[in-house]
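**Student:** Let me give you the structure first, and then I'll get to my questions.
In my numbering, the protein residues as written are 466 to 985.
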């Protein structure tokens with residue numbers, strides 16, 4: 466049975482109030498949809514599950530929501546070819562004006578391919594991201610020991626055919642921004658430097674500056690090193706947009722050259738970003754290509770693709786980590802205190818690197834006895850510190866950490882060599898991708914750059930135009946080429962919904978089928 470037939474069947478059998486269905490009824494409906502074997506069986510979030518879900522929720526009418534994900538199980542070429550075919554099918558459809566919003570994502574596999582482009586075509590924006598992380602060889606690899614080096618640029622459309630180029634950088638990429646301080650510069654100011662600028666101004670210029678330098682609240686997400694968790698909060702930031710030609714004046718008032726840092730809201734003043742406006746596409750593209758060309762000439766002292774510590778250094782770090790695991794993870798004290806959660810995460814990471822991903826993932830799926838037997842098959846000598854059936858909810862992890870300690874004591878050279886082997890800095894990677902956001906009624910006329918590959922397609926019903934309906938297929942860019950996600954929301958009671966045929970086509974191509982009512 467295909468999706469179209471299943472939706473018609475659901476329209477007949479579902480109760481008027483979908484929320485009144487029993488949990489078993491919902492599961493019975495969901496189990497009818499079968500994903501092919503190469504789909505990941507992991508849950509994404511509470512709103513995005515690999516299992517099909519029938520929902521009423523916030524939407525006026527009932528809909529069937531299907532979503533799935535697979536990672537590194539299909540070749541990138543196969544994924545991109547499918548999305549290109551789906552875009553072709555979409556262009557054959559007729560959408561009413563302002564009914565659906567379309568978003569098409571493209572990317573360039575090689576920087577050289579992008580350099581061959583001469584036009585943005587119908588792209589709304591072109592994005593560039595280059596990033597790498599450098600470890601501190603004097604500190605253990607686990608924790609916030611990495612320094613981030615990042616470069617980002619976006620070239621977007623403005624009214625009247627103008628183009629806007631926004632560039633940010635940090636770490637070893639900062640000099641590129643300092644050399645190209647053209648157009649407008651956004652500087653982030655500390656409270657003390659704000660006062661210095663105001664004191665140096667007078668009259669009308671002071672009043673204008675006071676209005677421009679009012680602190681603005683901004684929501685941020687940061688990693689708490691003590692809890693090992695991401696936390697949201699608010700910060701106050703003071704920014705000032707000036708002409709690049711005026712930057713030397715402000716640096717003169719502050720009596721120092723401003724460093725580059727894209728993280729607005731820091732306690733010290735810095736250059737946050739540079740913005741340039743262009744009237745011609747060719748000029749804007751040339752400016753972006755010039756910036757990208759400088760990425761290959763990056764000057765850095767970071768060593769890539771080889772271990773950056775000695776075996777003695779690796780052993781010292783592992784000795785320290787194992788002692789902390791034995792003292793806190795095994796005793797159980799860490800699980801009841803926020804301060805040591807990070808150590809638990811590092812211990813799990815070390816176990817995964819030594820024994821494989823299964824030792825971490827299977828602890829969630831297996832019963833306690835099964836999991837211990839699984840570890841014993843890998844060589845674990847049972848030495849449990851908690852009785853099965855007790856209130857110790859860390860039973861499985863304690864056994865895993867005991868196994869890690871046993872392995873280290875039995876053959877420290879092996880684990881030290883593995884630790885050193887993974888203590889490397891990965892080289893910089895540059896990704897270039899573009900986006901076209903448009904009314905789906907204009908999809909037929911969409912023109913894409915000649916050297917780009919289609920990597921994502923999104924079709925969504927514009928709010929206020931009827932039933933919620935959407936189809937999203939997306940290669941998980943920017944840095945996971947083989948990861949792919951699929952999302953479809955299909956109204957159940959509506960006849961002839963525009964996307965149904967396209968959704969059916971996508972499901973068949975991706976191996977998503979529906980079993981009949983008897984389970985055949």
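C-beta atoms are modelled at their ideal positions from N, C-alpha and C, and glycine is treated no differently.
Just so you know, these numbers come straight off a predicted model, no measurement behind them.
Across which residues does DSSP place residue 937 in a beta bridge pair?
**Tutor:** 923 and 952
**Student:** Where does residue 743 sit, in a helix, a strand or coil, going by DSSP?
**Tutor:** strand
**Student:** Using only CA atoms, which one of 495, 471 and 639 lies nearest to residue 726?
**Tutor:** Per the Cα distances, 639.
**Student:** Taking the C-alpha atoms as reference points, what is the distance between residue 829 and residue 675?
**Tutor:** 56 Å
**Student:** If we call anything under 8 Å between Cβ atoms a contact, is residue 967 one with residue 528?
**Tutor:** no
**Student:** Please classify residue 637 as buried or exposed, where buried requires at least 16 other C-beta atoms within 10 Å of its C-beta.
**Tutor:** With 16 or more Cβ atoms within 10 Å of its Cβ, residue 637 is classed as buried.
**Student:** Nearest-angstrom Cα distance between residue 883 and residue 873?
**Tutor:** 11 Å
**Student:** Going by beta-carbon coordinates alone, are residue 859 and residue 840 separated by less than 8 Å?
**Tutor:** no
**Student:** Give the straight-line distance between the Cα atoms of residue 963 and residue 466, rounded to the nearest whole angstrom.
**Tutor:** Computed Cα separation, rounded: 20 Å.
**Student:** Rounding to the nearest angstrom, what Cα-Cα distance links residue 880 and residue 598 in this structure?
**Tutor:** 24 Å
**Student:** What's the call for residue 928, buried or exposed, on a 16-neighbour Cβ count within 10 Å?
**Tutor:** exposed
**Student:** Can you pull the DSSP bridge partners for residue 972?
**Tutor:** Under DSSP, residue 972 forms no beta bridge with any residue.
**Student:** Ordered along the chain, which non-local residues of its own chain (more than five positions away) have a Cβ less than 7 Å from that of residue 974?
**Tutor:** 547
**Student:** Going by DSSP, what residues sit across from residue 762 in a beta bridge?
**Tutor:** According to DSSP, residue 762 bridges with nothing at all.
**Student:** Measuring CB to CB, does residue 980 end up less than 8 Å from residue 499?
**Tutor:** yes
**Student:** Under a Cβ-count criterion, where at least 16 other Cβ atoms within 10 Å of its own Cβ denotes burial, should residue 577 be classed as buried or exposed?
**Tutor:** exposed
**Student:** So, with DSSP's three-state summary, where would you put residue 875?
**Tutor:** helix
**Student:** Mapping the DSSP letters down to three states, classify residue 466 as helix, strand or coil.
**Tutor:** coil
**Student:** Do residue 705 and residue 716 have their CB atoms nearer than 8 Å?
**Tutor:** no
**Student:** Taking the DSSP output, what are the residues bridged to residue 651?
**Tutor:** 706 and 738
**Student:** Can you tell which of 472, 816 and 861 has its C-alpha closest to the C-alpha of residue 835?
**Tutor:** 861
**Student:** Report, in whole angstroms, the separation of the C-beta atoms of residue 901 and residue 549, which I expect to be a contact under 8 Å.
**Tutor:** Wrong, their Cβ atoms sit about 14 Å apart, outside the cutoff.
**Student:** Can you tell me where the beta strand (DSSP E) with residue 431 in it begins and where it stops?
**Tutor:** Residue 431 falls outside the range modelled here, since the chain spans only 466 to 985, and no answer is possible.
**Student:** Quick check: what's the CA-CA separation for residue 811 versus residue 818?
**Tutor:** 11 Å
**Student:** Alpha carbon to alpha carbon, how far is residue 924 from residue 971? Give it in angstroms, no decimals.
**Tutor:** 13 Å
**Student:** Give a yes or no on whether the C-beta atoms belonging to residue 719 and residue 734 are separated by under 8 Å.
**Tutor:** yes
**Student:** Please report the distance separating the alpha-carbon of residue 809 from that of residue 570.
**Tutor:** About 39 Å.
**Student:** Taking C-alpha atoms, which residue in 557, 955 and 890 lies nearest to residue 770?
**Tutor:** 890
**Student:** By alpha-carbon positions, which one of 753, 764, 651 and 913 ends up nearest to residue 628?
**Tutor:** 753
**Student:** Hey, quick one: how far does the alpha helix (DSSP H) through residue 788 stretch, first residue to last?
**Tutor:** 776–789
**Student:** Along the chain, where does the alpha helix (DSSP H) containing residue 662 start, and where does it finish?
**Tutor:** 656–664
**Student:** Can you tell me where the beta strand (DSSP E) holding residue 590 begins and where it ends?
**Tutor:** 590–599
**Student:** Could you work out which residue in 773, 535 and 867 is closest to residue 791 when comparing CA atoms only?
**Tutor:** 867
**Student:** Please look up how many angstroms separate the CB atoms of residue 774 and residue 888, rounded, as I've assumed it's under 8 Å.
**Tutor:** 5 Å
**Student:** Report yes if the CB atom of residue 941 is closer than 8 Å to the CB atom of residue 950, and no otherwise.
**Tutor:** yes
**Student:** Between the stretch 732–747 and the stretch 616–632, do at least 3 Cβ pairs fall closer than 8 Å?
**Tutor:** yes
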